[in-house]
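A quick write-up on the structure given underneath.
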Amino acid sequence: PNTHEDELGDLAKSIETLARDLHYLTKQRNEFLASISHELRTPLTYIKGYADILRKQSLPKEDMENYLAIIVDEANRLTQLVKELFELAKLDQNQFAIAKEPVDLHPFFEKIEQRFLPILQESNIEFTVSCPSNLCVMADPLRLEQILFNLLDNAKKYSPNGGTIILKAWRQKNNIHILVEDHGKGIPEQDLPFIFNRFYRVDKARTRSLGGSGLGLAIVKELVHAHGADITVSSKVNAGTSFEIIF
Ligand code: ADP
Numbered sequence: 206p207n208t209h210e211d212e213l214g215d216l217a218k219s220i221e222t223l224a225r226d227l228h229y230l231t232k233q234r235n236e237f238l239a240s241i242s243h244e245l246r247t248p249l250t251y252i253k254g255y256a257d258i259l260r261k262q263s264l265p266k267e268d269m270e271n272y273l274a275i276i277v278d279e280a281n282r283l284t285q286l287v288k289e290l291f292e293l294a295k296l297d298q299n300q301f302a303i304a305k306e307p308v309d310l311h312p313f314f315e316k317i318e319q320r321f322l323p324i325l326q327e328s329n330i331e332f333t334v335s336c337p338s339n340l341c342v343m344a345d346p347l348r349l350e351q352i353l354f355n356l357l358d359n360a361k362k363y364s365p366n367g368g369t370i371i372l373k374a375w376r377q378k379n380n381i382h383i384l385v386e387d388h389g390k391g392i393p394e395q396d397l398p399f400i401f402n403r404f405y406r407v408d409k410a411r412t413r414s415l416g417g418s419g420l421g422l423a424i425v426k427e428l429v430h431a432h433g434a435d436i437t438v439s440s441k442v443n444a445g446t447s448f449e450i451i452f
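UniProt numbering puts the first residue of the sequence shown at 206, with every later residue one more than the last.
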C-alpha cells in the first residue's frame with residue numbers, strides 16, 4: 206500500500222517534470238520569437254538601406270532599377286513570411302478547418318502536373334508523375350495541394366538544372382503512400398532530425414538567396430498531422446531527398 210511519503214514523493218516528481226516542461230517550452234518560445242525578429246529584421250534592413258541610398262544619391266538608371274528590384278523582392282519576402290507565420294499560428298491553435306473529402310489521386314496528380322510543369326521546364330527539370338487509377342485518400346484537396354506544392358517547390362529549389370523530380374502514389378496494406386523525390390543536393394544526416402523545425406535551414410546563406418523562410422516544412426508537417434497522416438524523410442548528400450506521406 207502507498208504511504209503518505211510515497212504519494213508525496215510522486216507529487217514532487219510530477220512537479221519536477223512539469224517545471225522542466227515549462228522551462229523547455231519557455232525556452233522554445235523565446236527561441237521562436239528571436240528567430241521571428243531576426244527574419245523580420247533582415248529584409249527590413251535591406252529595404253531601409255536601399256531606400257536611403259535612393260533618397261540621398263542620384264544614381265544611373267540601371268543602378269536605380271536594381272535597387273528598386275531588391276526593395277520589391279525583400280518586401281515580397283516579408284509578405285510571404287508574415288503569411289506563413291499567420292498560417293502556423295492558426296495551425297497551432299487548431300483554428301484550421303480541414304474539410305476532408307475523398308480525393309481521387311489520379312486526376313488530382315494530373316492537375317498538379319499541369320500546374321507545376323511550366324515551373325520545372327524553366328529549369329529543365331524532368332517531372333515523372335505516376336498513380337494507379339481509383340486510389341482515394343480522405344483529404345482537404347486545397348491543403349493537400351499546398352503540402353505537395355511545398356515539397357515540389359523544395360525539390361526544385363534544391364535540385365540542379367536538368368534533374369528529375371518524381372511524384373508517385375501507391376497503396377500498401379491499409380495505407381496510401383505519396384512520395385516526392387528529387388535527385389538534388391540532399392540533406393546531411395546530422396540535419397535530418399531538425400528540418401521540420403521552424404526556421405531550420407541547412408545552409409542559411411545559400412537558402413536565403415533561394416528565397417526560403419525555413420517555415421515551409423514546418424507548415425507541411427502541421428498540415429499532414431492535421432489530416433491524421435504522417436510524413437517521413439530520407440536523404441543522401443549529392444544523391445537526393447525523398448519525402449513520404451502516409452495516409
Ligand atoms: P526553406 O524555405 O528554407 O526551403 P523549408 O522549411 O521548406 O525551408 O526547408 C527547411 C530546410 O530543409 C531548407 O532550408 C533546406 O536546407 C532543407 N531542404 C528541404 N527540402 C529539401 C530538398 N528537397 N533537398 C534538399 N534540402 C532540402
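Each residue gets a CB set at the ideal place from its N, CA and C atoms; glycine is no exception.
Check                                                                                                                                                  : Outcome
Suppose you measure from the CA of H228 to the CA of R234; what does that come to, to the nearest Å?                                                   : 10 Å
Cβ of N355 within 8 Å of Cβ of G421?                                                                                                                   : yes
Comparing alpha-carbon positions, which option in V287, K362, S338, M343 lies nearest K373?                                                            : S338
Which residues bound the alpha helix (DSSP H) around H228?                                                                                             : 209–261
Hey, would you say F332 sits closer than 8 Å to I370, going by beta carbons?                                                                           : yes
Rounded to a whole number of angstroms, what is the C-alpha to C-alpha distance between K218 and Q351?                                                 : 43 Å
Name the one or two DSSP bridge partners that H382 has.                                                                                                : W375, I451
Does I330 come out as helix, strand or coil in the three-state DSSP assignment?                                                                        : coil
Which residues mark the beginning and the end of the alpha helix (DSSP H) in which I352 is found?                                                      : 346–362
Hey, would you say the C-beta of K288 is under 7 Å away from at least one heavy atom of ligand 1?                                                      : no
So which of N329, I276, D396 has the shortest CA-CA distance to L259?                                                                                  : I276
Any contact between the segment 309–325 and the segment 279–295? By contact I mean 3 or more CB pairs, one from each, below 8 Å.                       : no
Say the cut is 7 Å; is the CB of Y363 nearer than that to a heavy atom of ligand 1?                                                                    : yes
Tell me whether E386 is buried or exposed, calling it buried when 16 or more other Cβ atoms sit within 10 Å of its Cβ.                                 : buried
Can you name, in chain order, every residue of its own chain whose Cβ lies under 7 Å from the Cβ of G368, other than the five neighbours on each side? : I330, D387, H388, G389
Could you check where the beta strand (DSSP E) with E306 kicks off and where it finishes?                                                              : 306–309
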